[in-house]
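K.L.:
According to this note's numbering, the residues represented by the sequence shown are 7 to 348, in order. One structure follows; several queries about it will come next.
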Amino acid sequence: MIMTKKPQLYGSTLEGLRTLCEQLDLPRFAHKQIAKWLYTRRVTDIEAMTDLSKVARERLMEHCELGLSQPLKVSTSTDGTKKYLFATSEGEYIESALIPDGERVTLCVSSQAGCRMGCKFCATGRMGLRHSLSSTEIINQIISIPECDKLTNLVFMGMGEPLDNIDNVMATLSILTSEWGMAWSPTRITVSTSGVAKTLPRLLDESKVHLAVSLHNPFPEERREIMPIENAYSIWEVCDILRRYDFTHQRRVSFEYIVLEGMNCSPRHIKELSRLLDGIKCRINLIRFHKIPDSPFFSPPLEKIIEFRDTLTKRGIQTTLRASRGEDIEAACGLLSTAEKK
(Lines of atoms letter the chains of each structure in order from A and count residues from 1; the text may use other names and numbers.)
(Lines give C-alpha, C1' and ligand atoms only; values in the text may rest on other atoms or scores of the structure.)
Protein backbone atom coordinates (compact mmCIF):
# COMPACT_ATOMS: atom_id res chain seq x y z
CA MET A 1 0.00 0.00 0.00
CA ILE A 2 1.35 3.42 -0.98
CA MET A 3 1.06 5.99 1.81
CA THR A 4 0.33 9.51 0.66
CA LYS A 5 1.71 12.47 2.53
CA LYS A 6 -0.80 14.62 4.37
CA PRO A 7 -1.37 18.12 2.96
CA GLN A 8 0.46 20.82 4.90
CA LEU A 9 -1.49 23.93 5.81
CA TYR A 10 1.40 26.38 6.14
CA GLY A 11 2.57 27.29 2.66
CA SER A 12 -0.92 26.95 1.20
CA THR A 13 -2.34 29.88 -0.75
CA LEU A 14 -5.93 31.01 -0.26
CA GLU A 15 -6.92 29.16 -3.42
CA GLY A 16 -5.15 26.04 -2.17
CA LEU A 17 -7.00 26.25 1.15
CA ARG A 18 -10.29 26.70 -0.69
CA THR A 19 -9.67 23.54 -2.71
CA LEU A 20 -8.68 21.64 0.44
CA CYS A 21 -11.83 22.73 2.26
CA GLU A 22 -13.98 21.60 -0.64
CA GLN A 23 -12.27 18.20 -0.61
CA LEU A 24 -12.87 17.85 3.14
CA ASP A 25 -16.46 19.10 2.84
CA LEU A 26 -15.82 21.98 5.23
CA PRO A 27 -18.17 25.00 5.42
CA ARG A 28 -17.95 27.96 3.04
CA PHE A 29 -15.46 30.61 4.08
CA ALA A 30 -13.54 28.07 6.20
CA HIS A 31 -10.52 28.65 3.96
CA LYS A 32 -10.45 32.33 4.96
CA GLN A 33 -10.72 31.44 8.64
CA ILE A 34 -7.85 28.96 8.32
CA ALA A 35 -5.71 31.49 6.45
CA LYS A 36 -6.21 33.99 9.27
CA TRP A 37 -5.22 31.44 11.89
CA LEU A 38 -2.12 30.52 9.93
CA TYR A 39 -0.72 33.81 8.68
CA THR A 40 -2.13 36.42 11.08
CA ARG A 41 -2.24 34.51 14.34
CA ARG A 42 0.43 31.95 13.37
CA VAL A 43 -1.24 29.13 15.24
CA THR A 44 0.82 26.09 16.23
CA ASP A 45 -2.11 23.74 16.90
CA ILE A 46 -5.13 23.05 14.68
CA GLU A 47 -7.21 22.59 17.82
CA ALA A 48 -6.67 26.29 18.58
CA MET A 49 -8.71 27.34 15.49
CA THR A 50 -11.69 27.97 17.74
CA ASP A 51 -13.98 29.68 15.23
CA LEU A 52 -14.09 26.40 13.27
CA SER A 53 -16.51 23.75 14.49
CA LYS A 54 -15.18 20.81 16.45
CA VAL A 55 -16.04 18.55 13.52
CA ALA A 56 -14.10 20.78 11.11
CA ARG A 57 -11.05 20.83 13.40
CA GLU A 58 -11.15 17.08 13.81
CA ARG A 59 -11.34 16.64 10.05
CA LEU A 60 -8.37 18.95 9.56
CA MET A 61 -6.34 17.14 12.21
CA GLU A 62 -7.15 13.77 10.63
CA HIS A 63 -6.26 14.72 7.08
CA CYS A 64 -3.72 17.58 7.35
CA GLU A 65 -0.60 18.77 9.11
CA LEU A 66 0.43 22.31 9.97
CA GLY A 67 3.85 21.75 8.39
CA LEU A 68 5.94 23.66 10.94
CA SER A 69 9.38 22.46 12.01
CA GLN A 70 11.78 24.13 14.39
CA PRO A 71 15.42 24.93 13.51
CA LEU A 72 17.84 22.14 14.34
CA LYS A 73 20.63 24.52 15.25
CA VAL A 74 21.37 28.22 15.57
CA SER A 75 24.80 29.87 15.44
CA THR A 76 25.28 33.45 16.62
CA SER A 77 28.03 35.74 15.36
CA THR A 78 29.87 38.36 17.38
CA ASP A 79 28.20 40.98 15.13
CA GLY A 80 24.68 39.72 16.01
CA THR A 81 24.08 37.76 12.80
CA LYS A 82 22.36 34.41 13.38
CA LYS A 83 22.47 31.34 11.15
CA TYR A 84 19.54 28.92 11.43
CA LEU A 85 19.82 25.32 10.21
CA PHE A 86 16.67 23.45 9.13
CA ALA A 87 16.11 19.87 7.98
CA THR A 88 14.07 19.39 4.80
CA SER A 89 11.41 16.81 4.00
CA GLU A 90 13.90 14.90 1.84
CA GLY A 91 16.68 14.54 4.40
CA GLU A 92 18.76 17.55 3.36
CA TYR A 93 19.72 20.71 5.25
CA ILE A 94 19.07 24.36 4.46
CA GLU A 95 20.07 27.63 6.07
CA SER A 96 18.54 31.00 6.88
CA ALA A 97 20.53 34.01 8.07
CA LEU A 98 19.14 36.69 10.37
CA ILE A 99 20.92 40.04 9.96
CA PRO A 100 20.11 42.77 12.50
CA ASP A 101 21.20 46.31 11.61
CA GLY A 102 19.81 48.93 13.96
CA GLU A 103 16.04 49.05 13.50
CA ARG A 104 16.31 46.92 10.36
CA VAL A 105 16.10 43.14 10.82
CA THR A 106 16.56 41.16 7.60
CA LEU A 107 16.06 37.44 7.12
CA CYS A 108 17.84 35.73 4.23
CA VAL A 109 15.92 32.58 3.23
CA SER A 110 16.72 29.59 1.03
CA SER A 111 14.58 28.40 -1.87
CA GLN A 112 16.37 25.12 -2.66
CA ALA A 113 18.54 22.53 -0.97
CA GLY A 114 21.67 22.89 -3.04
CA CYS A 115 21.65 24.63 -6.41
CA ARG A 116 22.06 23.61 -10.03
CA MET A 117 23.63 26.92 -11.14
CA GLY A 118 27.19 25.85 -10.19
CA CYS A 119 28.68 29.30 -9.50
CA LYS A 120 32.36 28.74 -8.77
CA PHE A 121 32.54 31.15 -5.83
CA CYS A 122 29.53 29.67 -3.99
CA ALA A 123 29.61 26.80 -1.49
CA THR A 124 26.00 25.90 -2.31
CA GLY A 125 26.87 25.63 -6.00
CA ARG A 126 29.34 22.86 -5.20
CA MET A 127 26.51 20.72 -3.82
CA GLY A 128 24.48 20.53 -7.01
CA LEU A 129 20.70 20.61 -6.73
CA ARG A 130 19.34 18.20 -4.12
CA HIS A 131 15.72 19.35 -4.36
CA SER A 132 13.58 22.47 -4.57
CA LEU A 133 11.84 23.56 -1.38
CA SER A 134 8.07 23.49 -1.07
CA SER A 135 6.28 26.72 -0.18
CA THR A 136 5.80 25.12 3.26
CA GLU A 137 9.56 24.76 3.70
CA ILE A 138 10.17 28.33 2.56
CA ILE A 139 7.52 29.96 4.75
CA ASN A 140 8.59 27.78 7.71
CA GLN A 141 11.98 29.53 7.73
CA ILE A 142 10.11 32.77 8.47
CA ILE A 143 7.39 31.53 10.83
CA SER A 144 9.54 29.23 12.98
CA ILE A 145 12.23 31.61 14.23
CA PRO A 146 11.84 33.62 17.46
CA GLU A 147 12.42 36.91 15.62
CA CYS A 148 9.49 36.44 13.22
CA ASP A 149 7.54 39.41 14.60
CA LYS A 150 10.63 41.64 14.51
CA LEU A 151 11.46 41.12 10.83
CA THR A 152 11.45 44.25 8.69
CA ASN A 153 12.85 42.81 5.45
CA LEU A 154 13.14 39.50 3.65
CA VAL A 155 15.63 38.52 0.96
CA PHE A 156 15.60 35.37 -1.15
CA MET A 157 19.39 35.19 -1.25
CA GLY A 158 20.06 31.99 0.66
CA MET A 159 20.69 28.54 -0.79
CA GLY A 160 19.37 27.89 -4.29
CA GLU A 161 18.15 29.88 -7.29
CA PRO A 162 14.68 31.30 -6.56
CA LEU A 163 13.69 31.51 -10.23
CA ASP A 164 14.57 27.83 -10.65
CA ASN A 165 11.77 27.12 -8.14
CA ILE A 166 9.37 29.71 -9.49
CA ASP A 167 6.02 28.11 -8.56
CA ASN A 168 6.83 27.69 -4.86
CA VAL A 169 8.55 31.07 -4.62
CA MET A 170 5.55 32.80 -6.21
CA ALA A 171 3.19 30.98 -3.81
CA THR A 172 5.31 32.17 -0.89
CA LEU A 173 5.30 35.75 -2.19
CA SER A 174 1.51 35.60 -2.46
CA ILE A 175 1.26 34.48 1.18
CA LEU A 176 3.65 37.20 2.32
CA THR A 177 2.06 40.13 0.46
CA SER A 178 -1.68 39.35 0.26
CA GLU A 179 -4.23 40.84 2.67
CA TRP A 180 -5.45 37.33 3.52
CA GLY A 181 -1.84 36.35 4.26
CA MET A 182 0.87 38.18 6.17
CA ALA A 183 0.10 41.51 4.44
CA TRP A 184 3.71 42.59 3.95
CA SER A 185 4.48 45.40 1.55
CA PRO A 186 6.32 44.04 -1.52
CA THR A 187 8.92 46.76 -0.92
CA ARG A 188 10.12 44.79 2.12
CA ILE A 189 11.07 41.80 -0.04
CA THR A 190 13.94 41.24 -2.49
CA VAL A 191 14.28 38.20 -4.74
CA SER A 192 17.73 37.34 -6.07
CA THR A 193 18.54 35.59 -9.33
CA SER A 194 21.67 34.58 -11.18
CA GLY A 195 19.80 35.43 -14.37
CA VAL A 196 17.14 32.83 -15.25
CA ALA A 197 15.70 34.76 -18.17
CA LYS A 198 12.99 32.15 -18.82
CA THR A 199 11.10 32.81 -15.56
CA LEU A 200 12.25 36.36 -14.81
CA PRO A 201 9.28 38.00 -16.63
CA ARG A 202 6.83 36.00 -14.51
CA LEU A 203 8.37 37.32 -11.30
CA LEU A 204 8.27 40.90 -12.62
CA ASP A 205 4.74 40.61 -14.04
CA GLU A 206 3.10 38.85 -11.09
CA SER A 207 4.78 40.58 -8.15
CA LYS A 208 6.06 43.99 -7.10
CA VAL A 209 9.04 42.83 -5.05
CA HIS A 210 12.54 44.19 -5.54
CA LEU A 211 15.00 42.30 -7.72
CA ALA A 212 18.69 41.57 -7.18
CA VAL A 213 20.69 40.15 -10.09
CA SER A 214 23.94 38.29 -9.42
CA LEU A 215 26.23 39.89 -11.99
CA HIS A 216 29.90 39.58 -10.91
CA ASN A 217 31.33 40.22 -14.39
CA PRO A 218 29.98 42.23 -17.35
CA PHE A 219 31.93 40.29 -20.00
CA PRO A 220 29.96 37.15 -21.02
CA GLU A 221 33.07 35.07 -21.73
CA GLU A 222 34.56 35.92 -18.32
CA ARG A 223 31.27 35.57 -16.48
CA ARG A 224 30.84 32.12 -18.03
CA GLU A 225 34.04 30.97 -16.32
CA ILE A 226 32.61 31.59 -12.86
CA MET A 227 28.86 31.41 -13.59
CA PRO A 228 27.85 28.56 -15.94
CA ILE A 229 24.34 30.01 -16.25
CA GLU A 230 25.85 32.40 -18.80
CA ASN A 231 25.84 29.43 -21.22
CA ALA A 232 22.03 29.30 -21.06
CA TYR A 233 21.06 32.92 -20.39
CA SER A 234 23.37 35.78 -21.25
CA ILE A 235 23.57 38.66 -18.79
CA TRP A 236 22.95 40.93 -21.79
CA GLU A 237 19.67 39.08 -22.44
CA VAL A 238 18.71 39.57 -18.79
CA CYS A 239 19.42 43.31 -19.01
CA ASP A 240 17.36 43.57 -22.20
CA ILE A 241 14.40 42.11 -20.26
CA LEU A 242 14.92 44.56 -17.40
CA ARG A 243 14.82 47.54 -19.75
CA ARG A 244 11.17 46.70 -20.44
CA TYR A 245 10.18 47.36 -16.82
CA ASP A 246 9.85 50.49 -14.73
CA PHE A 247 12.30 50.68 -11.83
CA THR A 248 11.87 54.40 -11.20
CA HIS A 249 9.18 54.28 -8.51
CA GLN A 250 8.66 51.83 -5.65
CA ARG A 251 10.30 48.78 -7.18
CA ARG A 252 14.07 48.72 -7.59
CA VAL A 253 16.67 46.50 -9.21
CA SER A 254 20.21 46.03 -7.94
CA PHE A 255 23.18 44.08 -9.24
CA GLU A 256 25.22 42.00 -6.81
CA TYR A 257 28.93 42.09 -7.53
CA ILE A 258 31.45 40.02 -5.56
CA VAL A 259 34.77 41.77 -6.06
CA LEU A 260 37.49 39.22 -6.93
CA GLU A 261 41.15 40.15 -7.10
CA GLY A 262 42.54 40.13 -10.63
CA MET A 263 39.23 39.05 -12.17
CA ASN A 264 36.53 41.72 -12.30
CA CYS A 265 37.63 45.09 -10.91
CA SER A 266 39.84 46.64 -13.59
CA PRO A 267 39.17 49.87 -15.56
CA ARG A 268 37.91 47.83 -18.52
CA HIS A 269 35.32 46.17 -16.26
CA ILE A 270 34.15 49.60 -15.14
CA LYS A 271 33.74 50.69 -18.77
CA GLU A 272 31.85 47.51 -19.71
CA LEU A 273 29.56 47.79 -16.67
CA SER A 274 28.59 51.26 -17.87
CA ARG A 275 27.70 49.82 -21.29
CA LEU A 276 25.80 46.82 -19.92
CA LEU A 277 23.65 48.79 -17.47
CA ASP A 278 22.95 51.75 -19.75
CA GLY A 279 19.25 52.58 -19.64
CA ILE A 280 18.52 50.64 -16.43
CA LYS A 281 17.91 52.66 -13.27
CA CYS A 282 19.76 50.53 -10.77
CA ARG A 283 22.51 50.28 -8.22
CA ILE A 284 25.48 47.96 -7.81
CA ASN A 285 26.13 46.31 -4.45
CA LEU A 286 29.80 45.46 -4.10
CA ILE A 287 30.46 42.45 -1.86
CA ARG A 288 33.70 41.26 -0.32
CA PHE A 289 34.28 37.56 -0.98
CA HIS A 290 33.49 35.25 1.94
CA LYS A 291 36.26 32.67 1.82
CA ILE A 292 35.13 29.07 1.30
CA PRO A 293 37.35 25.98 1.64
CA ASP A 294 39.67 25.16 -1.28
CA SER A 295 38.64 28.27 -3.21
CA PRO A 296 41.16 30.05 -5.46
CA PHE A 297 39.30 33.35 -5.14
CA PHE A 298 39.97 36.20 -2.74
CA SER A 299 39.01 39.83 -2.35
CA PRO A 300 41.37 42.69 -3.18
CA PRO A 301 42.41 45.11 -0.42
CA LEU A 302 39.59 47.25 0.93
CA GLU A 303 41.12 50.47 -0.46
CA LYS A 304 41.00 48.98 -3.97
CA ILE A 305 37.32 48.05 -3.57
CA ILE A 306 36.56 51.58 -2.36
CA GLU A 307 38.35 53.02 -5.40
CA PHE A 308 36.33 50.69 -7.65
CA ARG A 309 33.12 51.88 -5.96
CA ASP A 310 33.99 55.56 -6.24
CA THR A 311 34.90 55.28 -9.93
CA LEU A 312 31.57 53.59 -10.74
CA THR A 313 29.73 56.28 -8.79
CA LYS A 314 31.49 59.01 -10.78
CA ARG A 315 30.23 57.31 -13.95
CA GLY A 316 26.67 57.76 -12.71
CA ILE A 317 26.05 54.24 -11.38
CA GLN A 318 24.90 54.27 -7.76
CA THR A 319 27.32 51.88 -6.07
CA THR A 320 27.47 50.71 -2.46
CA LEU A 321 29.85 48.48 -0.52
CA ARG A 322 28.02 45.90 1.54
CA ALA A 323 29.46 45.19 4.98
CA SER A 324 30.57 41.60 5.58
CA ARG A 325 28.51 39.89 8.28
CA GLY A 326 28.75 36.63 10.17
CA GLU A 327 32.07 35.34 8.83
CA ASP A 328 32.87 33.76 12.21
CA ILE A 329 29.77 31.51 11.94
CA GLU A 330 30.28 30.47 8.31
CA ALA A 331 27.51 32.77 7.10
CA ALA A 332 28.38 32.21 3.43
CA CYS A 333 25.52 30.17 1.92
CA GLY A 334 26.00 26.43 2.07
CA LEU A 335 28.86 26.15 4.58
CA LEU A 336 26.78 25.25 7.63
CA SER A 337 24.49 22.79 5.83
CA THR A 338 27.43 21.12 4.11
CA ALA A 339 29.19 20.64 7.44
CA GLU A 340 25.99 19.21 8.97
CA LYS A 341 25.57 16.79 6.05
CA LYS A 342 29.11 15.54 6.49
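Ideal Cβ placement from N, Cα and C applies to all residues, glycine included.
Can you give me the Cβ contacts of D178 inside the same chain, cut-off strictly under 6 angstroms, excluding the 5 residues immediately before and after it?
P.N.:
The question names Asp, but residue 178 in the sequence shown is Thr. Cβ within range, chain order: S141, I144, I145.
K.L.:
Between which two residues does the beta strand (DSSP E) containing F261 stretch?
P.N.:
259-265 is the span of the beta strand (DSSP E), which, as asked, contains F261.
K.L.:
For F314, does the three-state DSSP call read helix, strand or coil?
P.N.:
Looking at F314 - three-state DSSP - the assignment turns out to be helix.
K.L.:
Ends of the beta strand (DSSP E) at L279?
P.N.:
First-last for L279: 273-282, but that is the alpha helix (DSSP H), not the beta strand (DSSP E).
K.L.:
Taking G354 as the reference, give the member of N171, P307, L206 with the closest Cα.
P.N.:
In the structure displayed, the chain extends from 7 to 348; residue 354 sits before or after that span and is not available.
K.L.:
Closest to E236 by CA distance: which of G124, N171, I40 is it?
P.N.:
When only C-alpha atoms are compared, the closest one is G124.
K.L.:
Whose CA, out of P273, L20, L169, lies closest to the CA of T205?
P.N.:
Of the listed residues, the one whose Cα sits closest to T205 is L169.
K.L.:
Is it true that the segment 155-175 meets the segment 97-106, where meeting means three or more beta-carbon pairs spaced less than 8 angstroms apart?
P.N.:
Cβ pair count under 8 angstroms is three or more, so yes.
K.L.:
Which residue from R321, R194, L292 puts its Cα closest to that of R328?
P.N.:
Nearest C-alpha to R328: L292.
K.L.:
Since L94 contacts L30 with CB under 8 angstroms, what's their CB separation in whole angstroms?
P.N.:
With the sequence shown as reference, residue 94 is identified as Thr, and Leu is not the correct amino acid for it. Their Cβ separation, rounded to whole angstroms, is 27 angstroms, which puts T94 and L30 out of contact at 8 angstroms.
K.L.:
Let me know if V61 comes out buried or exposed under the rule of 16 or more other beta-carbons within 10 Å of its beta-carbon.
P.N.:
Classification for V61: exposed.
K.L.:
Comparing alpha-carbon positions, which option in K79, S180, L182 lies nearest P152?
P.N.:
Checking every option, the nearest Cα to that of P152 belongs to K79.
K.L.:
Quick one: what's got a C-beta closer than 6 angstroms to L157's C-beta in the same chain, skipping five residues either side?
P.N.:
Counting only Cβ-Cβ distances below 6 angstroms, and skipping sequence neighbours, we find V111, L113.
K.L.:
Quick one, which of V161, A54, R34, A238 has its alpha-carbon nearest R122's?
P.N.:
Closest by alpha carbon: A238.
K.L.:
Determine the DSSP secondary structure at V197, reduced to helix, strand or coil.
P.N.:
Three-state DSSP puts V197 in a strand.
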